[in-house]
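Novice: Got a structure for you, written out below as structure tokens; questions coming shortly.
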Amino acid sequence: MLNPKLFLNQAIFETKIDEKATRDGFGDALISLGEKNKDVVVLTADLSESTRAEGFAKKFPERFFEVGVAEQNMAAIAAGLAISGKIPFICSYAVFSPGKNLETIRTTIAYNNANVKIAGHHSGIATGADGATHQATEDIAITRSLPGVTVFVPCDFWEAKKITLESVNIKGPVYLRFTRDKTPVITSEKTPFNQRAIESFWISENPKATIFATGYMLYYALLSAKALEQKGIDTIVANLATIKPADEKTIVDLARQSGRVVTVEDHQVMGGMGSMIAEVLAKNLPTPMEFVGLQDTFGESGKPVELLRKYKMDETAIIEAVEKVITR
Amino acid sequence: MDTPLLLDDKLKELELKAVEARKLVIEMLLEAGSGHSAGPLGMADIFVALYFHILNHDPKKPDLRDRDRLILSNGHICPIRYAVMAMSGYFEKEELKTLRKINSRLQGHPHRNSLPGLETTSGPLGEGLSQGIGIALSAKLDKKKYHTFVIASDGEQEEGNTWEAVMFAGKAKLNNLTLIIDRNNIQIDGFTENVMPLEPLKDKYIAFNWEVLEVNGNNIREFVDAVSKAKSIFEKPTVIIAHTIPGFGVSFMEKDFTWHGKPPNDSQAKKALEELRTLQGRIQNEG
Chain A
82 MLNPKLFLNQ AIFETKIDEK ATRDGFGDAL ISLGEKNKDV VVLTADLSES
132 TRAEGFAKKF PERFFEVGVA EQNMAAIAAG LAISGKIPFI CSYAVFSPGK
182 NLETIRTTIA YNNANVKIAG HHSGIATGAD GATHQATEDI AITRSLPGVT
232 VFVPCDFWEA KKITLESVNI KGPVYLRFTR DKTPVITSEK TPFNQRAIES
282 FWISENPKAT IFATGYMLYY ALLSAKALEQ KGIDTIVANL ATIKPADEKT
332 IVDLARQSGR VVTVEDHQVM GGMGSMIAEV LAKNLPTPME FVGLQDTFGE
382 SGKPVELLRK YKMDETAIIE AVEKVITR
Chain B
669 MDTPLLLDDK LKELELKAVE ARKLVIEMLL EAGSGHSAGP LGMADIFVAL
719 YFHILNHDPK KPDLRDRDRL ILSNGHICPI RYAVMAMSGY FEKEELKTLR
769 KINSRLQGHP HRNSLPGLET TSGPLGEGLS QGIGIALSAK LDKKKYHTFV
819 IASDGEQEEG NTWEAVMFAG KAKLNNLTLI IDRNNIQIDG FTENVMPLEP
869 LKDKYIAFNW EVLEVNGNNI REFVDAVSKA KSIFEKPTVI IAHTIPGFGV
919 SFMEKDFTWH GKPPNDSQAK KALEELRTLQ GRIQNEG
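So this is what it looks like as structure tokens:
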């Protein structure tokens, strides 16, 4: 059942569900940060509308910098602003930032421990029709391998807003991952957000498997848990909003409760959230695992739901992964 | 803050300091056993002019809020920066011997968080001007008067990031930012004009809405005058194209690109130090 303590959207399993984009949560949060903190500045590389930096730009034009199509320049300018006391958010598509400008981020932001917040938009195959060139599917792997960088992946609009607000309380580089399309609203304004702790969104008495999901894929994990329950297979579904630093204790506890693990992410399975879980469990509690995500392949154009089906990342694929892992 | 007039006595003092800094560079590189020789020697005059005459800074308070910012983009020439910082009193000269060694604050390429007084981390080329822009923008937002200087190599003009930054600084009219290009014509693989022609470099910057000044970068007075002029230009950033002789002061290193990225051995260092002592004597005996 849905965890009753988290004020989750009780209509989540209805056919008609409220949907909002995580990037809109980001945009709303930027405006309130701008009002509260005069050191917050925003930069974009010719993507102010689609990264939702636009609202901030209109309200605080003197603290908004349009750098043109130049993601490396954007990252290093932000580093310069940060070491001078500002809190810059750099906004682009994740394939370009932290993709194209990786080394700039590594040297000028991560190695400098500069207080820059990197907002990576249009992540995953959920970017859809634009095709694989614009679907960031390696950005978690990139950012989590950079020393000192915090990595957040919000599951929905509300969490995106809370995570963005929270990011300025961390002194140092933070990566924030957003999705283009509207996705199901899973949480509510009242749902608590603790960046250090993994929360179980679906709980059961006698779980046979623990599903760790990140981003909007949490919705499909919850649908799978509900369907599996009807088949008599109880599970736990945990929301991985903070990929790094890892909440190792909770990961181990949740894996121990069921003895089986499935990870679910719209990202390459190599180096992503699932790899992080595997690293933690290999050290502390070796556990049979299945990984739902992109299996060393690129996406393509199509509707997000079509792509999830084709690349075996939808509800059916998650159910199959759980059924497989519990027989191992 | 205006740059003070450079009197003859002060000029001579700076010229002697530049030779002293070159000697420290040779000693450091010999001790380190790796590193870059030509660039640091060529830029000694400019670093001495900056630290001992131009910059508003306090070696005892490296995080002074209103200090002028000096960003070294081509981090590989850091031995000269370290040498001049030690001479200025940021740390003891003894520490120069730790360059490139384990547990040293003097990393092979400079790391901001390792050594107070370094503004940025550098080595990967083409990033210094962008960071300088961020610092200069911050000064404008905070209504601060400090000036931001960025030193870059000519080779790194080949980086795409450089031109992203040049375009932005022109757009933002950052008159509180001065770029100094070490135009020494060499890079690792050879002469710049063979590896990737940069000329007409001046015209490129003019086309990007910059003010351009050209000086002999091994002439301290010319450089100091150019900086004064750069600071008086409003509505535009300024680039000072400083023509330098790579390896300046050591005859067998001068203008030879093979000295870009290697240190001297024992006998080469001995010869280099002899030549530099002779140069020092010559300056001392000048009228």
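Protein chains in written order, with the working numbering: chain A, 82 to 409; chain B, 669 to 955. Glycine included, each C-beta is placed from N, C-alpha and C at the ideal position.
Spatial neighbours of aspartate 726 of chain B within its chain, please: CB distance less than 8 Å, with the 5 preceding and 5 following residues excluded, ordered by chain position.
Specialist: As a first step, residue 726 of chain B must be located in the second sequence, where it is residue number 58. Cβ within range, chain order: Leu732, Arg735.
Novice: Going by alpha carbons, who is nearest to proline 747 of chain B out of B/Ile770, B/Lys923, B/Ala700, B/Phe925?
Specialist: Sequence index remark: in the second sequence, residue 747 of chain B carries index 79 (1-based). If we check each option's Cα against that of proline 747 of chain B, B/Ala700 comes out closest.
Novice: State the DSSP-derived secondary structure class of isoleucine 164 of chain A, mapped to helix, strand or coil.
Specialist: The count along the first sequence starts at 1 and reaches residue 164 of chain A at position 83. Reduced to three states, the DSSP call for isoleucine 164 of chain A is helix.
Novice: Going along the segment 152-176 of chain A in order, which residues come within less than 9 Å of chain B, judged by CB to CB distance?
Specialist: For the segment 152-176 of chain A, which is checked against every Cβ of chain B, the residues closer than 9 Å are Glu152, Gln153, Asn154, Met155, Ala156, Ala157, Ile158, Ala159, Ala160, Gly161, Leu162, Ala163, Ile164, Ser165, Gly166, Lys167, Pro169.
Novice: How is the beta strand (DSSP E) around tyrosine 256 of chain A delimited, first residue to last?
Specialist: Mapped onto the first sequence, residue 256 of chain A falls at position 175. Taken as a continuous stretch (DSSP letters only), the beta strand (DSSP E) holding tyrosine 256 of chain A covers 255-258.
Novice: Inspect the beta-carbon positions of threonine 344 of chain A and methionine 370 of chain A and report whether they are closer than 9 Å.
Specialist: Indexing the first sequence from 1 puts residue 344 of chain A at position 263. Indexing the first sequence from 1 puts residue 370 of chain A at position 289. The answer is yes: Cβ separation under 9 Å.
Novice: Please classify valine 386 of chain A as buried or exposed, where buried requires at least 16 other C-beta atoms within 10 Å of its C-beta.
Specialist: On the first sequence, residue 386 of chain A is found 305 positions in, with the first residue counted as 1. Classification for valine 386 of chain A: exposed.
Novice: Within 9 Å of any Cβ in chain B, is that where the Cβ of aspartate 115 of chain A sits?
Specialist: In the first sequence, counting from the first residue as 1, residue 115 of chain A sits at position 34. As written in the sequence, residue 115 of chain A is glycine, which differs from the aspartate given in the question. It does not: the Cβ of glycine 115 of chain A has no partner Cβ on chain B nearer than 9 Å.
Novice: Looking at the unbroken alpha helix (DSSP H) that takes in glutamate 762 of chain B, where does it start and where does it end?
Specialist: Translated into the one-based positions of the second sequence, residue 762 of chain B becomes position 94. No alpha helix (DSSP H) holds glutamate 762 of chain B; DSSP gives it neither H nor E.
Novice: Excluding the 5 residues flanking phenylalanine 836 of chain B on each side, which residues of the same chain have their C-beta closer than 7 Å to its C-beta?
Specialist: By one-based count along the second sequence, residue 836 of chain B stands at place 168. Closer than 7 Å at Cβ, skipping near neighbours: Ile801.
Novice: Near glutamine 338 of chain A, what residues of its chain come up, given a Cβ to Cβ distance below 7 Å and the 5 sequence neighbours on each side ignored?
Specialist: Your numbering for residue 338 of chain A matches position 257 in the first sequence. Excluding residues within five positions, the ones whose Cβ falls inside 7 Å are Pro288, Thr291, Ile317.
Novice: Pull out every residue of the segment 123-152 of chain A whose Cβ sits closer than 8 Å to any Cβ of chain B, in chain order.
Specialist: Flagged, chain order: Glu143, Arg144, Phe146, Val148, Gly149, Ala151.
Novice: Give me whichever residues DSSP pairs with glutamine 349 of chain A in a beta bridge.
Specialist: Within the first sequence, numbered from 1, the residue matching residue 349 of chain A stands at position 268. According to DSSP, glutamine 349 of chain A bridges with A/Leu375.
Novice: Kindly indicate the opening and closing residues of the beta strand (DSSP E) around lysine 198 of chain A.
Specialist: To locate residue 198 of chain A, count along the first sequence from 1; it is residue 117. Here the beta strand (DSSP E) through lysine 198 of chain A covers 198-202.
Novice: Can you give me the C-alpha to C-alpha distance between asparagine 724 of chain B and phenylalanine 170 of chain A, rounded to a whole angstrom?
Specialist: For the purposes of this step, residue 724 of chain B is identified with residue 56 of the second sequence, where counting begins at 1. For the purposes of this step, residue 170 of chain A is identified with residue 89 of the first sequence, where counting begins at 1. When rounded, the distance between both Cα atoms is 30 Å.
Novice: In the segment 174-195 of chain A, which residues sit with their C-beta less than 7 Å from some C-beta in chain B, listed in chain order?
Specialist: Answer in chain order: Glu184, Thr185, Thr188, Thr189, Tyr192, Asn193, Asn194.
Novice: For the alpha helix (DSSP H) containing alanine 833 of chain B, name the first residue and the last one.
Specialist: Against the second sequence, residue 833 of chain B aligns to sequence position 165. It spans 828-840 - the alpha helix (DSSP H) in which alanine 833 of chain B sits, taken as one unbroken run.
Novice: Determine the DSSP secondary structure at leucine 738 of chain B, reduced to helix, strand or coil.
Specialist: Within the second sequence, the letter at position 70 stands for residue 738 of chain B. Strand, per DSSP.
Novice: When the Cα atoms are used, what is the spatial distance from isoleucine 324 of chain A to tyrosine 192 of chain A?
Specialist: Stepping through the first sequence from its first residue, residue 324 of chain A is reached at position 243. Stepping through the first sequence from its first residue, residue 192 of chain A is reached at position 111. In a straight line, the C-alpha of isoleucine 324 of chain A is about 20 Å away from that of tyrosine 192 of chain A.
Novice: Rounding to the nearest angstrom, what Cα-Cα distance links phenylalanine 274 of chain A and isoleucine 284 of chain A in this structure?
Specialist: As a working note, residue 274 of chain A is residue 193 in the first sequence. As a working note, residue 284 of chain A is residue 203 in the first sequence. The straight-line gap from Cα to Cα measures roughly 18 Å.
Novice: Looking at asparagine 852 of chain B: is its Cβ nearer than 9 Å to the Cβ of glycine 796 of chain B?
Specialist: Position 184 of the second sequence, counted from the start, is the residue given in the question as residue 852 of chain B. Position 128 of the second sequence, counted from the start, is the residue given in the question as residue 796 of chain B. The answer is no: Cβ separation not under 9 Å.
Novice: Can you name the start and end residues of the alpha helix (DSSP H) that proline 265 of chain A belongs to?
Specialist: What you label residue 265 of chain A is simply residue 184 of the first sequence in a count that begins at 1. Premise fails: proline 265 of chain A lies in the beta strand (DSSP E), 263-265, not in any alpha helix (DSSP H).
Novice: In the DSSP assignment, what residue or residues form a beta bridge with tryptophan 283 of chain A?
Specialist: Counting from one through the first sequence, the residue named residue 283 of chain A turns up at place 202. In the DSSP output, where bridge partners are listed per residue, tryptophan 283 of chain A has A/Leu83, A/Val318.
Novice: DSSP state of histidine 777 of chain B, grouped into three classes?
Specialist: As a first step, residue 777 of chain B must be located in the second sequence, where it is residue number 109. The answer is coil: DSSP assigns histidine 777 of chain B none of H, G, I, E or B.
Novice: Is it true that the CB of valine 342 of chain A sits closer than 9 Å to the CB of valine 255 of chain A?
Specialist: Along the first sequence, read from residue 1 onward, the residue named residue 255 of chain A stands at position 174. Along the first sequence, read from residue 1 onward, the residue named residue 342 of chain A stands at position 261. No. Outside cutoff.
Novice: Which runs of the alpha helix (DSSP H) fall wholly inside the segment 895-955 of chain B and span at least 4 residues, in chain order?
Specialist: You should have 934-953.
Novice: Quick check: what's the CA-CA separation for glycine 915 of chain B versus alanine 160 of chain A?
Specialist: In the second sequence, residue 915 of chain B corresponds to position 247, counting from 1. In the first sequence, residue 160 of chain A corresponds to position 79, counting from 1. Whole-angstrom Cα-Cα distance: 32 Å.
Novice: Could you tell me the alpha carbon to alpha carbon distance between glutamine 311 of chain A and arginine 390 of chain A, rounded to whole angstroms?
Specialist: Numbered from 1 along the first sequence, position 230 holds the residue referred to as residue 311 of chain A. Numbered from 1 along the first sequence, position 309 holds the residue referred to as residue 390 of chain A. So the alpha carbons of these two residues sit roughly 22 Å apart.
Novice: Where DSSP assigns a beta bridge to glutamine 855 of chain B, which residues make up the other side?
Specialist: Position 187 of the second sequence, counted from the start, is the residue given in the question as residue 855 of chain B. In the DSSP output, where bridge partners are listed per residue, glutamine 855 of chain B has B/Gly858.
Novice: Near proline 931 of chain B, which residues of its chain fall below 7 Å by C-beta distance, leaving aside the five closest residues on each side in sequence?
Specialist: Position 263 of the second sequence holds residue 931 of chain B. Only Leu697, Leu698, Ala700, Gly701, Ser702, Gly703, Ser705 meet the Cβ criterion.
Novice: Check cysteine 172 of chain A in the structure and name its three-state DSSP category.
Specialist: Here residue 172 of chain A is taken as the residue at index 91 of the first sequence, counted from 1. Cysteine 172 of chain A falls in the strand class under three-state DSSP.
Novice: With DSSP as the reference, label aspartate 731 of chain B as helix, strand or coil.
Specialist: Walking along the second sequence from the start, residue 731 of chain B turns up at place 63. DSSP places aspartate 731 of chain B in coil when its eight states are reduced to three.
Novice: Note down, in chain order, all residues in the segment 835-846 of chain B with a beta-carbon under 9 Å from any beta-carbon belonging to chain A.
Specialist: Residues Met835, Phe836, Lys839, Ala840.
Novice: Would you mind telling me which residues of chain A sit closer than 7 Å to glutamate 795 of chain B, beta carbon to beta carbon, in chain order?
Specialist: Along the second sequence, read from residue 1 onward, the residue named residue 795 of chain B stands at position 127. Per Cβ cutoff of 7 Å: Ala157, Thr185, Thr188, Thr189.
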